[in-house]
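J.: Mind the numbering: the sequence shown is residues -4 to 264 in the numbering used here, read in order.
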Amino acid sequence: MPTTFTAPDGLLLSYTVWEGDGRHRRPVVLHHGFAADAEVTWVRPGVVRTLVDAGFTVIAPDARGHGASGKPHDPAAYGESVMAADLSVLLDELNLTEVSLAGYSMGAIVALLAATNDRRVRCLAVGGVGAGIVDFGGVDARVVDREQIAAGLLARDRADVLPAARPFRRLARRTGGDVAALAAVLRATSHEPIRLSALSVPTLVLAGESDELAANPERLAATIAGARLVRVPGDHMAAVADPAFASALADFFAYSDTGESRLAIRSLA
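Take a look at the structure:
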């Protein structure tokens, strides 16, 4: 059952815990992508089940503006650095001293920021992102126009929604999202750069083979010391649901935790 905790600005945020069998001492925290929530990104595709079956305790928050968490309509309440701070508060709430952290798309940006600022993150996996992290410090502006997507979410007439915004509009409808809150998320400005050179934890980059939003993930993996890359089938919306995605996560985190691995993951260091 979801539980809530209070963010530094007083906003109530939701999270869910699934208990593992104790094989792994380090729990896994999962941060979902934009316009989704923990249920859509991690539960329905079977990622949580794969990790729990592998023995991990899994913790998945709904980011501010998403799912069962608070949804202010002011862009000042958002930004990936704010969400990364929320993650640190969640670790405080649960008295956790070390975690493995995975994020997808927006959640990958949040996870990268958290991993550079919170030493309790001992292992990191990011999916749905590529060279845009290196070139723009976040969403790849060459393929994503945040304002265009915000306008598409708020449009009353479907005919006014440009093609790039349609997948996110459909996703928001699927999750029952608050489109005003989601537009505010897009219009927020995150002023904190991602210090990729500061990352010192084992890192896995996961990218769909046809994911245009995660273009050139090889460049991202090559920029992070010792990072490893796995390509899985699918585009941006489908890659996280492919069984290979969850299997790669479980194997990478198990290897980091116990040294046991069945997956050949290519190092780009």
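Beta carbons are placed, not taken as given, at the ideal position from N, Cα and C, and that holds for glycine. Small disclaimer: the values here were computed from a predicted structure and weren't measured.
Is the beta carbon of GLY50 less than 9 Å from the beta carbon of GLY15?
T.: For the purposes of this step, residue 50 is taken as residue 55 along the sequence shown, with counting starting at 1. For the purposes of this step, residue 15 is taken as residue 20 along the sequence shown, with counting starting at 1. In this structure, GLY15 lies closer than 9 Å to GLY50 by Cβ.
J.: Can you name, in chain order, every residue of its own chain whose Cβ lies under 8 Å from the Cβ of PHE0, other than the five neighbours on each side?
T.: Counted from its first residue, the sequence shown places residue 0 at position 5. So the list reads LEU7, LEU8, TYR10, VAL84, LEU85 and GLU88, once near-sequence residues are dropped.
J.: If you draw a straight line from the alpha carbon of PRO188 to that of ASP230, how long is it in whole angstroms?
T.: Locating residue 188 in the sequence shown gives position 193, counting from the first residue. Locating residue 230 in the sequence shown gives position 235, counting from the first residue. Using only the alpha carbons, I get a separation of about 27 Å.
J.: Which runs of the alpha helix (DSSP H) fall wholly inside the segment 123 to 178 and span at least 4 residues, in chain order?
T.: For the segment 123 to 178, whole alpha helix (DSSP H) runs of length 4 or above, ordered along the chain, are 127 to 131, 141 to 149 and 161 to 170.
J.: Contact check, ARG164 vs VAL156 under 8 Å by CB: the rounded distance?
T.: Here residue 164 is taken as the residue at index 169 of the sequence shown, counted from 1. Here residue 156 is taken as the residue at index 161 of the sequence shown, counted from 1. With a Cβ gap of about 6 Å, ARG164 and VAL156 count as contacting.
J.: Is any beta-carbon of chain C found at less than 9 Å from that of ALA30?
T.: Protein chain content of the structure displayed is limited to a single chain, and chain C is not contained in it.
J.: Among the residues of its own chain, which have a CB less than 6 Å from the CB of VAL297, if the five just before and after it don't count?
T.: Residue numbering for the chain in the displayed model covers -4 to 264; residue 297 lies beyond these limits and cannot be assessed.
J.: In terms of alpha-carbon separation, which member of ASP140, ASP4, TYR99 and ALA233 lies closest to GLY65?
T.: The count along the sequence shown starts at 1 and reaches residue 65 at position 70. Of the listed residues, the one whose Cα sits closest to GLY65 is ASP4.
J.: What's the call for PHE131, buried or exposed, on a 16-neighbour Cβ count within 10 Å?
T.: Within the sequence shown, residue 131 is the residue found at index 136, counting from 1. Classification of PHE131: exposed, given that the 10 Å Cβ count is below 16.
J.: Which one of LEU208, GLU207, ASP246 and MET232 has the shortest CA to CA distance from VAL225?
T.: Residue numbering aside, residue 225 sits at position 230 when the sequence shown is read from its first letter. Out of LEU208, GLU207, ASP246 and MET232, ASP246 has the C-alpha closest to the C-alpha of VAL225.
J.: What is the DSSP secondary structure of PHE0, reduced to helix, strand or coil?
T.: In the sequence shown, counting from the first residue as 1, residue 0 sits at position 5. Residue state, collapsed to three classes: strand.
J.: Hey, how far is the Cα of LEU119 from the Cα of LEU96?
T.: Taking the sequence shown and counting its residues from 1, one reaches residue 119 at position 124. Taking the sequence shown and counting its residues from 1, one reaches residue 96 at position 101. Their backbone Cα atoms lie some 5 Å apart in a straight line.
J.: If I follow the unbroken alpha helix (DSSP H) through LEU46, where does it start and stop?
T.: By one-based count along the sequence shown, residue 46 stands at place 51. Its alpha helix (DSSP H) spans residues 42 to 48.
J.: Evaluate ALA178 with the Cβ neighbour count: other Cβ atoms within 10 Å of its Cβ, from every protein chain shown; 16 or more gives buried, anything less gives exposed.
T.: In the sequence shown, residue 178 corresponds to position 183, counting from 1. Counting Cβ neighbours within 10 Å, ALA178 comes out buried, since at least 16 surround it.
J.: Figure out for me which residue from LEU181, GLY221 and ARG223 has the closest Cα to the Cα of PRO67.
T.: The residue you call residue 67 lines up with position 72 of the sequence shown. Comparing Cα positions, the closest option is LEU181.
J.: Which of the three DSSP states is assigned to PRO67 in this structure?
T.: Along the sequence shown, read from residue 1 onward, the residue named residue 67 stands at position 72. Three-state result, PRO67: coil.
J.: Roughly how far, in whole angstroms, is the beta-carbon of ILE219 from the beta-carbon of LEU194, given that I think they are within contact range, below 8 Å?
T.: For this step, residue 219 is matched to residue 224 along the sequence shown. For this step, residue 194 is matched to residue 199 along the sequence shown. ILE219 to LEU194, Cβ: 5 Å. Contact.
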